[in-house]
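Undergrad: Structure in structure tokens, see below.
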Amino acid sequence: MNALRDAEMKMIGVWGMGGVGKTTLMKQVAEQAKQKKLFTTEVYIDVSWTRDSENFNKELLKFNNKLQTYDIWEEVGLKEVGIPCKDDQTECKVALTSRDLHILNNDMDAEKCFRIQQLTEEEAWSLFNKTTGGSLEKNLELRPIAMKVVEECEGLPIAIVTIAKTLKGGSLAVWKNALEELRASAPTNIRGVNKNVYSCLEWSYKRLISVKSSHCSYSVVCWVMAIFHWMTC
Numbered sequence: 005m006n007a008l009r010d011a012e013m014k015m016i017g018v019w020g021m022g023g024v025g026k027t028t029l030m031k032q033v034a035e036q037a038k039q040k041k042l043f044t045t046e047v048y049i050d051v052s053w054t055r056d057s058e059n060f061n062k063e064l065l066k067f068n069n070k071l072q073t074y075d076i077w078e079e080v081g082l083k084e085v086g087i088p089c090k091d092d093q094t095e096c097k098v099a100l101t102s103r104d105l106h107i108l109n110n111d112m113d114a115e116k117c118f119r120i121q122q123l124t125e126e127e128a129w130s131l132f133n134k135t136t137g138g139s140l141e142k143n144l145e146l147r148p149i150a151m152k153v154v155e156e157c158e159g160l161p162i163a164i165v166t167i168a169k170t171l172k173g174g175s176l177a178v179w180k181n182a183l184e185e186l187r188a189s190a191p192t193n194i195r196g197v198n199k200n201v202y203s204c205l206e207w208s209y210k211r212l213i214s215v216k217s218s219h220c221s222y223s224v225v226c227w228v229m230a231i232f233h234w235m236t237c
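Here you go:
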């Protein structure tokens, strides 16, 4: 937040591996900045999916005093698409999120970069337990298996929440099978994606697809499908 208050700082970067929560954090920071009236509005655009430069420019020209947040996977020519970065004539700031620190520092010339770390063991367990309904602490039979499942998520919120929602209400046999499959998974090498988070999402994707016609919520299936697509594109 201090970086956003600094009038001299026009571009900041946030980096970390896929699934660690960069985009979620920046959206929360942007909302806080807006509430504190640091900006009139904020705009979030996933540059990796944006190819229509004409509509892109129209969106950017709507406001002057704003915080612009972009998710980038490679070097982006900001001026070419109409982003007035480091322009003394505007009051906007650009916040970039990426899996690659090199892109932010060397390619995009961000003035300050912040790393988002994975959750600690305690934080990961707390999130997992809460997402599954908060009853794991008292379940002496299931708790040891659940803790090992959490270890496979390696502190990545997107993996923790996805697996927890998928296993919620499952039998001990289902949990044991899930742990075995997660450990046996051999994920594809995807740039900037931790192998375990890929394994977790792949497992959830396959399981939800197989049961979506029965008791599983279709909205949850679509949510995991969207995340899995994002991780592999």
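The opening position of the sequence shown corresponds to residue 5 in our numbering, with each subsequent residue numbered one higher. For glycine and all other residues, C-beta sits at the position ideal for the given N, C-alpha and C.
1) Across which residues does DSSP place Ala119 in a beta bridge pair?
2) Is it true that the CB of Leu140 sits closer than 8 Å to the CB of Leu146?
3) Excluding sequence positions up to five away, which residues of its chain have a Cβ less than 7 Å from the Cβ of Asn109?
4) Alpha carbon to alpha carbon, what distance is there between Thr101 and Thr27?
5) Between Gly20 and Arg103, what straight-line distance do the alpha-carbon atoms span, to the nearest angstrom?
6) Is Ala114 near the ligand MN, with its Cβ less than 7 Å from a heavy atom?
7) Mind checking whether Leu186 and Glu156 have CB atoms under 8 Å apart?
8) Secondary structure at Val197, three-state DSSP: helix, strand or coil?
9) DSSP three-state label for Glu141, please.
10) Does the beta-carbon distance from Ile164 to Val154 come in below 8 Å?
11) With burial defined as no fewer than 16 other Cβ atoms inside 10 Å of the residue's Cβ, what is the status of Glu35: buried or exposed?
12) What is the DSSP secondary structure of Phe43, reduced to helix, strand or coil?
13) Can you have a look at Val225 and say buried or exposed, based on whether 16 or more other CB atoms are within 10 angstroms of its CB?
14) Hey, Ala114 and Met5 are a contact pair by Cβ (cut 8 Å); roughly how many whole angstroms apart?
15) Check whether the Cβ atoms of Val18 and Leu8 lie closer than 8 Å to each other.
16) Thinking just about the alpha-carbon of each residue, which of Gly25, Ala11, Met13 and Glu12 is nearest to the one in Ile120?
17) According to the Cβ coordinates, are Gly23 and Ile149 closer than 8 Å?
18) Over what stretch of residues does the alpha helix (DSSP H) that includes Thr124 continue unbroken?
19) What do you reckon, are the CB atoms on Ala182 and Thr136 nearer than 8 Å?
20) Identify whether Lys134 lies in helix, strand or coil by the three-state DSSP scheme.
21) For Leu42 and Gln122, what's the separation of their Cα atoms in angstroms?
22) Tell me the residue span of the alpha helix (DSSP H) that contains Ile164.
23) Buried or exposed for Lys142, please, with buried defined as at least 16 other CB atoms from any protein chain shown within 10 angstroms of its CB.
TA: Well, looking at it:
1) Taking the first residue of the sequence shown as 1, we reach residue 119 at position 115. The amino acid at residue 119 is misidentified as Ala; the sequence shows Arg. Paired residue(s): Trp19.
2) In the sequence shown, counting from the first residue as 1, residue 146 sits at position 142. In the sequence shown, counting from the first residue as 1, residue 140 sits at position 136. It is a contact, given that the beta carbons lie within the stated cut-off.
3) If you number the sequence shown from 1, residue 109 lands on position 105. Counting only Cβ-Cβ distances below 7 Å, and skipping sequence neighbours, we find Cys117.
4) The sequence position of residue 27 within the sequence shown is 23, counting from 1. The sequence position of residue 101 within the sequence shown is 97, counting from 1. About 7 Å.
5) Translated into positions along the sequence shown, residue 20 becomes position 16. Translated into positions along the sequence shown, residue 103 becomes position 99. Cα-Cα distance, rounded: 5 Å.
6) The ligand MN is absent from the structure shown, which contains no ligands of any kind.
7) The count along the sequence shown starts at 1 and reaches residue 186 at position 182. The count along the sequence shown starts at 1 and reaches residue 156 at position 152. Yes; because the gap between Cβ atoms is below 8 Å, this pair is in contact.
8) By one-based count along the sequence shown, residue 197 stands at place 193. Reliability fails at Val197, whose pLDDT of 45 lies under 50, so the model's placement of it is uncertain and the value that follows must be treated cautiously. Coil at Val197, not helix or strand.
9) Counting from 1 along the sequence shown, the entry for residue 141 is found at position 137. In the structure shown, Glu141 sits in a helix (DSSP, three-state: H, G or I).
10) Counted from its first residue, the sequence shown places residue 164 at position 160. Counted from its first residue, the sequence shown places residue 154 at position 150. Closer than 8 Å, so yes.
11) As a working note, residue 35 is residue 31 in the sequence shown. With fewer than 16 other Cβ atoms within 10 Å, it is exposed.
12) Translated into positions along the sequence shown, residue 43 becomes position 39. Of the three classes helix, strand and coil, the one that applies to Phe43 here is coil, per DSSP.
13) The sequence position of residue 225 within the sequence shown is 221, counting from 1. Below a pLDDT of 50, predicted positions are generally treated as unreliable, and Val225, at 40, falls in that range; the measurement from the model is reported next regardless. Counting Cβ neighbours within 10 Å, Val225 comes out buried, since at least 16 surround it.
14) Within the sequence shown, the letter at position 110 stands for residue 114. Within the sequence shown, the letter at position 1 stands for residue 5. Contact flag wrong, Cβ pair sits at about 17 Å.
15) Within the sequence shown, residue 18 is the residue found at index 14, counting from 1. Within the sequence shown, residue 8 is the residue found at index 4, counting from 1. Result no, Cβ atoms of Val18 and Leu8 do not sit closer than 8 Å.
16) Working through the sequence shown from its first residue, we reach residue 120 at position 116. Nearest option by C-alpha distance: Gly25.
17) Numbered from 1 along the sequence shown, position 19 holds the residue referred to as residue 23. Numbered from 1 along the sequence shown, position 145 holds the residue referred to as residue 149. Cβ atoms of Gly23 and Ile149: not closer than 8 Å.
18) As a first step, residue 124 must be located in the sequence shown, where it is residue number 120. No alpha helix (DSSP H) contains Thr124, which DSSP labels as neither H nor E.
19) Counting from one through the sequence shown, the residue named residue 182 turns up at place 178. Counting from one through the sequence shown, the residue named residue 136 turns up at place 132. No, these two residues do not count as a Cβ contact at 8 Å.
20) The sequence position of residue 134 within the sequence shown is 130, counting from 1. Looking at Lys134 - three-state DSSP - the assignment turns out to be helix.
21) Position 38 of the sequence shown, counted from the start, is the residue given in the question as residue 42. Position 118 of the sequence shown, counted from the start, is the residue given in the question as residue 122. Answer to the nearest angstrom: the Cα atoms are 29 Å apart.
22) Position 160 of the sequence shown, counted from the start, is the residue given in the question as residue 164. Taken as a continuous stretch (DSSP letters only), the alpha helix (DSSP H) holding Ile164 covers Pro161 to Leu171.
23) The count along the sequence shown starts at 1 and reaches residue 142 at position 138. Lys142 comes out exposed.
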